[in-house]
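So the structure is just underneath, and the comments pick up after that.
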Amino acid sequence: MRLSLRFIIPLLAVLGLITYGLVPLVDSLMFKWFVRDIDIRAKLITTTMQDSLTDARKTPGFGPKIQKLFSRAIQDERLYAIGFCDTKGDLLYKTDTFPSSVSCEPQSQGESHTRVLQLPQGPLHLAYQNVADAGKTYGQLVLMHDLSFIQRRSSETKGYLVYFFIALAIVIALITVVVAQLSWKGWVNGLRSILRGEGILRSFSMAVSPELRPIVKDLRALVRDLETDRRFRDESQISWSPRVLKDILKNDLRGDEVLIVSNREPYIHNKKDGKVETQFPASGVVTALEPVMRACSGTWIAHGSGSADREVVDEHDHVMVPPENPSYRIRRVWLTPEEEAGYYYGFANEGIWALCHIAHVRPVFRSQDWNQYVAVNEKFADTVVQEAKTSDPVILVQDYHFALLPKMIRERLPKATVITFWHIPFPNPEVFGICPWREQILDGLLGSTILGFHTRFHCNNFMDAVDRFMESRVERETSTVSYQGNLTVVNRYPISIEYPVKWLKTQRSVLECRTRVRQNHGLPEDRLVGVGVDRLDYTKGILERFLAVERLLELEPQWIGRFTFIQVASPTRTAIDQYQHFESDVRALAVRINNRFRQEGYEPIVLKVEHCEPHQVYEYYRGADLCFVSSLHDGMNLVAKEFVASRDDEQGVLILSQFTGASRELPEALIVNPYNIDQSAAALHIALEMPKTEQRSRMRSMRALIQEFNVFRWAGRMLLDAGRIRHRTRLFARIGKTDLDKMQLQQ
Numbered sequence: 001m002r003l004s005l006r007f008i009i010p011l012l013a014v015l016g017l018i019t020y021g022l023v024p025l026v027d028s029l030m031f032k033w034f035v036r037d038i039d040i041r042a043k044l045i046t047t048t049m050q051d052s053l054t055d056a057r058k059t060p061g062f063g064p065k066i067q068k069l070f071s072r073a074i075q076d077e078r079l080y081a082i083g084f085c086d087t088k089g090d091l092l093y094k095t096d097t098f099p100s101s102v103s104c105e106p107q108s109q110g111e112s113h114t115r116v117l118q119l120p121q122g123p124l125h126l127a128y129q130n131v132a133d134a135g136k137t138y139g140q141l142v143l144m145h146d147l148s149f150i151q152r153r154s155s156e157t158k159g160y161l162v163y164f165f166i167a168l169a170i171v172i173a174l175i176t177v178v179v180a181q182l183s184w185k186g187w188v189n190g191l192r193s194i195l196r197g198e199g200i201l202r203s204f205s206m207a208v209s210p211e212l213r214p215i216v217k218d219l220r221a222l223v224r225d226l227e228t229d230r231r232f233r234d235e236s237q238i239s240w241s242p243r244v245l246k247d248i249l250k251n252d253l254r255g256d257e258v259l260i261v262s263n264r265e266p267y268i269h270n271k272k273d274g275k276v277e278t279q280f281p282a283s284g285v286v287t288a289l290e291p292v293m294r295a296c297s298g299t300w301i302a303h304g305s306g307s308a309d310r311e312v313v314d315e316h317d318h319v320m321v322p323p324e325n326p327s328y329r330i331r332r333v334w335l336t337p338e339e340e341a342g343y344y345y346g347f348a349n350e351g352i353w354a355l356c357h358i359a360h361v362r363p364v365f366r367s368q369d370w371n372q373y374v375a376v377n378e379k380f381a382d383t384v385v386q387e388a389k390t391s392d393p394v395i396l397v398q399d400y401h402f403a404l405l406p407k408m409i410r411e412r413l414p415k416a417t418v419i420t421f422w423h424i425p426f427p428n429p430e431v432f433g434i435c436p437w438r439e440q441i442l443d444g445l446l447g448s449t450i451l452g453f454h455t456r457f458h459c460n461n462f463m464d465a466v467d468r469f470m471e472s473r474v475e476r477e478t479s480t481v482s483y484q485g486n487l488t489v490v491n492r493y494p495i496s497i498e499y500p501v502k503w504l505k506t507q508r509s510v511l512e513c514r515t516r517v518r519q520n521h522g523l524p525e526d527r528l529v530g531v532g533v534d535r536l537d538y539t540k541g542i543l544e545r546f547l548a549v550e551r552l553l554e555l556e557p558q559w560i561g562r563f564t565f566i567q568v569a570s571p572t573r574t575a576i577d578q579y580q581h582f583e584s585d586v587r588a589l590a591v592r593i594n595n596r597f598r599q600e601g602y603e604p605i606v607l608k609v610e611h612c613e614p615h616q617v618y619e620y621y622r623g624a625d626l627c628f629v630s631s632l633h634d635g636m637n638l639v640a641k642e643f644v645a646s647r648d649d650e651q652g653v654l655i656l657s658q659f660t661g662a663s664r665e666l667p668e669a670l671i672v673n674p675y676n677i678d679q680s681a682a683a684l685h686i687a688l689e690m691p692k693t694e695q696r697s698r699m700r701s702m703r704a705l706i707q708e709f710n711v712f713r714w715a716g717r718m719l720l721d722a723g724r725i726r727h728r729t730r731l732f733a734r735i736g737k738t739d740l741d742k743m744q745l746q747q
C-alpha cells in the first residue's frame, strides 16, 4: 500500500501540473481554430455580396439597398459590423455598429488580409476582402466579427478539462493499486495475452516490470498506427496539394519510394529539323499523373517511343524531367517494332480497347498479339525490379496495357504495394467473356493490392467478372476479392486534373485568347465559337458531334454565319486500319457539312488534325464560348474538367456526354446523349443563347468541385489506402496475425 501511495501522490502532482500547463495551450489553440473559421466565413460573405457591391459601384442610387443588405447581415450574432471602402480608402457604406476607431486601408496594401483588434468591449476580428469583377477591383469589404464567444467557449472547455483529469487521476490511482498487488511472475502470461489481444489488466501489470520495456516500444508503435488510421479517416478534411502528397509519403508511408508504370511517357523527345524537341503527349493519363509525379519525385517507367528518346537518356536509360525544372526521372523501356505492333496496336488497342468501349467496333484477338503482350509485360516487370531500391516500394500500374503486370510484380517483389488503376471502362461479364484470355487478365489484375476504377459501376462489373470466371471469394460489403492467398481491394477513385492548372500561369487573359483564336482562323471578332479537343478516336463521338452541328444549322438557320465549331483532333494509333478509316470519315463529313452551309468567308466546321501543345489547347478553351464533349463511351474524360478549370472568368458552357464518368461529377453541364442528334443540336442552341449569369452559376459550381476533388486528392486517396494496408500488414506481422481472414476482417 505504501508503494502505491508513493506512486499515486507524485502522479496526482504531475497530472495537476499537466492540467495547469494545458489550459493556456487549449486557450491558444481554440483561439487559432476559431480565427481560421472566421477567415473562411469572411471569404464566403464576400463572395455572396460581391455581385451586389459591384452593381452598387456601377449603378447610381444603389447605396440604400447596400445599407439594407448590411443591416440584415449583422443580425448574425458573431458578425459585429460591416463597411465598404472604395479603392482610395474612403468608407462609403457602413452599419451603425462600425467603430469610429477603425479606418479603411488603402488598396495599395495588396491582397485581402485579416487581423485581430482589441477594443474596450472585447476583441474583434477584422477582415479586409477585395471586391473585384472581370479583373477590375471596386474596393474592399471590411467585416468585423465579435470574438467574445471564444472566451465563453474556452471557459466551458477549461471546466470539462479539469473534470476529465480528476476522473483520469482517480481511474489511474485505482488501476495502480491493482497493479501493485499483482505478482511480477505473471509477466510472461501477460505478454502472451496482449499479443492475442486479451488480458487488459495484465497489460498494465507489465508496465511496472523492467523486463517488459520492449513491450513499451511495441505499444508506442501501436499508438502511432492508431493515429495514422485516424488521419486516414479524416482525409476528407484535407486540402489537397502537392505539398500534402509529399507529407503523406514522408509521414504516412514513411518515405517509401513511388514508381509509376504506364505505356505512354510524360515527355517525348523527337527530332525536328535536326534539333531535339520535347513534346507533351495528348493523353488523359499523362495529364493526370504528371503533376502527381512532380509532387512525389519518384521514377516513371514507360515505353520510349520518341525518335530522339535514346539520344537524351543516360547509360541507365534515365532522363530527368520536366526540362525546365527537373523533379523526377523517366526510365525508358525499348520495344522492338514486332513487340509494339503485337502488344500495343494489336492486343491492347484492337483487342482490349475495342472490347471495353461500347462504340460498335468489333474487337480483334490474335494469339501472336497475346504472346507479345505477355512478353512486354514481363519486360516491364523486370524493369520495375531493376528500378526498385527497396523490397517494398509503392508501384502505380496504369491502365489496360499492363493487365498482367501486377501479378508479375507480386511474384518478384512480394512485399511491394501494387496500386493498379484501370482508366477505361470495364465491361460486364458477358462482354468481357469474349476475350479468349479473360482468366489470365483477371489473374494478373488480382495481383494488385488496390485496384481502382473511375466509377462504382465499373468496380461492380469487375467483381462480377471475377465472381463468374475465377475461383475466388468476392466480398461485396468490403469491396474485396480474396484470391490465391492475396487480398485485393477494389475501389472507386474518380480521376481529376491538377488545380490550379500549371498551364494557366503563362496564359493570356480570356479576352486576348478570344481574339487570338478568331484571328488565327480568320474569324470575325463577334463570331461565336465552339471547341472540341480529342484524340482522333472512334470512341470520342466526333462524327456525332459534327452531325449535331449540322442539325443545329438545319433547325436554327440564324446561326449560319454566326457560329463556327473548331475541332482539334490529335492523330493516334495511325497504324491501325480502323483509325485510318475513321480519320477519312471525319474529314469527309466535315467537307460535306462545310459545302452544304458554306457562305462567302464562312465554313461552320474547322478541322485541325494535328498535335497541339497544352498551352495551345488551353488557349482554345479560354477563347471558346462552349466546349462539346460527346464521347460514346469513356472512363472519365478529362477534357471536360480541363475546360472548366481553364475558365477563371466563370464563363462558357460545357456540353457533356452522359456516357462519360465526368457527367456523374459535373451535372451543371448540359448533359446529352450523343447518339440523339436532335438533343445534341438543342443543347448547342441552348448553350449559344445561355445568359452570362447562368453561365457563371454553372461554371462556379463546377470549378468548386474540381478545386476540391483535384488529381492530388485522387492520388492521395489511393496512397492513403495503400498506407493503411501497409500499416496493418506490418502490425499483423508484428503480433503474429498472418491469417488472411483476420486481415480481411479489418478492412
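Oh and the sequence shown: position 641 is 641 in my numbering, straight run, nothing missing.
Glycine residues also receive a C-beta, built at the ideal position from the N, C-alpha and C atoms.
All figures in this text were calculated on a predicted structure; none of them were measured in a lab.
> In this structure, does DSSP put Tyr93 in helix, strand or coil?
Replying inline: The answer is strand: DSSP assigns Tyr93 an E or B state.
> How about Gln67: is its C-beta nearer than 9 angstroms to some C-beta of chain C?
Replying inline: This model lacks chain C altogether; it includes just one protein chain.
> Does the Cβ of Thr417 have 16 or more other Cβ atoms within 10 Å, making it buried, or fewer, making it exposed?
Replying inline: Buried, because 16 or more other Cβ atoms sit within 10 Å of the Cβ of Thr417.
>> What would DSSP say about Trp353, mapped onto helix, strand or coil?
In response: Three-state result, Trp353: helix.
> What three-state label does DSSP hand Val364 in the structure shown?
Replying inline: Coil at Val364, not helix or strand.
>> Could you compute how far the alpha carbon of Ala645 sits from the alpha carbon of Ala132?
In response: The C-alpha of Ala132 is placed about 19 angstroms away from the C-alpha of Ala645.
> When you compare only the Cα positions, how much space is there between Pro557 and Val711?
Replying inline: Between Pro557 and Val711, the C-alpha separation is close to 42 angstroms.
>> If you measure between the beta carbons of Glu257 and His303, is that distance less than 9 angstroms?
In response: No, these two residues do not count as a Cβ contact at 9 angstroms.
> For Trp437, which three-state DSSP category applies?
Replying inline: DSSP places Trp437 in coil when its eight states are reduced to three.
>> When you compare the CB positions of Ser327 and Trp300, do they come within less than 9 angstroms of one another, or not?
In response: Between Ser327 and Trp300, the gap from beta carbon to beta carbon reaches 9 angstroms or more.
> So what's Met206 in DSSP terms, helix, strand or just coil?
Replying inline: Any reading at Met206 must be qualified, since the residue scores a pLDDT of 43, below 50, and its modelled position is unreliable; no value is offered.
> Hey, how far is the Cα of Ile419 from the Cα of Glu668?
Replying inline: Looking at the two C-alpha atoms, the distance is approximately 32 angstroms.
> What do you get for Val531, buried or exposed, if any count of 16 or more other CB atoms within 10 angstroms of its CB means buried?
Replying inline: Under a 10 Å Cβ-count criterion, Val531 is classified as buried, with 16 or more other Cβ atoms of the shown protein chains found around its own Cβ.
> For Pro123, which three-state DSSP category applies?
Replying inline: Looking at Pro123 - three-state DSSP - the assignment turns out to be strand.
> Run through DSSP, which three-state label would Ile301 get?
Replying inline: Of the three classes helix, strand and coil, the one that applies to Ile301 here is strand, per DSSP.
> On the three-pair Cβ rule with 8 angstroms, is the segment 529 to 545 touching the segment 627 to 647?
Replying inline: Using a Cβ-Cβ distance cut-off of 8 angstroms, the segment 529 to 545 and the segment 627 to 647 are in contact, since at least three pairs of beta carbons, one from each stretch, lie closer than that value.
> Between Ile66 and Leu79, which are expected to be in contact by the criterion C-beta below 8 angstroms, what is the C-beta distance as a whole number of angstroms?
Replying inline: With 8 angstroms as the limit, Ile66 and Leu79 do not qualify as a contact, their Cβ atoms being about 15 angstroms apart.
> Shortest alpha-carbon distance to Phe280 belongs to which of Trp503, Gly139, Asn673, Asp526?
Replying inline: For Phe280, the closest C-alpha among the options Trp503, Gly139, Asn673, Asp526 is that of Trp503.
>> Quick check: the Cα distance between Thr572 and Leu536, rounded to an integer number of angstroms?
In response: Cα-Cα distance, rounded: 6 angstroms.
> Would you report the Cα separation of Phe84 and Leu92, rounded to the nearest angstrom?
Replying inline: In a straight line, the C-alpha of Phe84 is about 6 angstroms away from that of Leu92.
> In three-state DSSP terms, what is Phe563?
Replying inline: Phe563 falls in the strand class under three-state DSSP.
>> If contacts are defined as beta-carbon pairs under 8 angstroms, then Tyr343 and Tyr373 qualify, I think. What distance do you get, rounded to the angstrom?
In response: With a Cβ gap of about 5 angstroms, Tyr343 and Tyr373 count as contacting.
> In the segment 594 to 661, which residue ranges form an unbroken alpha helix (DSSP H) of at least 4 residues, counting only runs that do not cross its ends?
Replying inline: Counting only runs of 4 or more, we get 614 to 623, 638 to 646.
>> Just to confirm, is the Cβ distance from Trp422 to Phe462 under 9 angstroms?
In response: Yes. Within cutoff.
> Is the beta carbon of Thr539 less than 9 angstroms from the beta carbon of Ala359?
Replying inline: Against a cut-off of 9 angstroms, the Cβ pair of Ala359 and Thr539 comes out as a contact.
>> Are the CB atoms of Glu525 and Arg518 within a distance shorter than 9 angstroms?
In response: Yes. Within cutoff.
> What three-state label does DSSP hand Cys513 in the structure shown?
Replying inline: Secondary structure of Cys513 (DSSP, three-state): helix.
>> With a threshold of 8 angstroms, are at least 3 pairs of Cβ atoms found where one atom belongs to the segment 551 to 570 and the other to the segment 643 to 660?
In response: In short, these stretches do not touch, since the Cβ pair count stays below three.
> What number of angstroms, rounded off, separates the C-alpha of Ser482 from the C-alpha of Arg492?
Replying inline: Each residue's alpha carbon lies about 18 angstroms from the other.
>> Just to confirm before moving on: does the CB-CB distance between Val606 and Phe565 stay below 9 angstroms?
In response: Contact: yes.
> So, using beta-carbon positions, are Ala590 and Gln616 closer together than 9 angstroms?
Replying inline: It is not a contact, given that the beta carbons lie outside the stated cut-off.
> By a C-beta neighbour count over all protein chains shown, 10 Å radius and 16 as the cutoff for buried, is Met320 buried or exposed?
Replying inline: By the 10 Å Cβ count, Met320 comes out exposed.
> Mind checking whether Tyr396 and Ile260 have CB atoms under 9 angstroms apart?
Replying inline: This sequence places Leu at residue 396; Tyr is not what is there. With contacts defined as CB atoms closer than 9 angstroms, Leu396 and Ile260 qualify as a contacting pair.
> How should Asp146 be labelled, buried or exposed, when 16 other C-beta atoms within 10 angstroms of its C-beta is the threshold for buried?
Replying inline: Buried is the label assigned to Asp146, since at least 16 other Cβ atoms lie within 10 Å of its Cβ.
>> For a test of the three-state rule: what should DSSP assign to Ser239, helix, strand or coil?
In response: Ser239 carries a coil assignment under DSSP once its states are collapsed to helix, strand and coil.
>> Suppose you measure from the CA of Gly298 to the CA of Val394; what does that come to, to the nearest Å?
In response: Across the structure, Gly298 and Val394 are spaced so that their CA atoms are roughly 10 angstroms apart.
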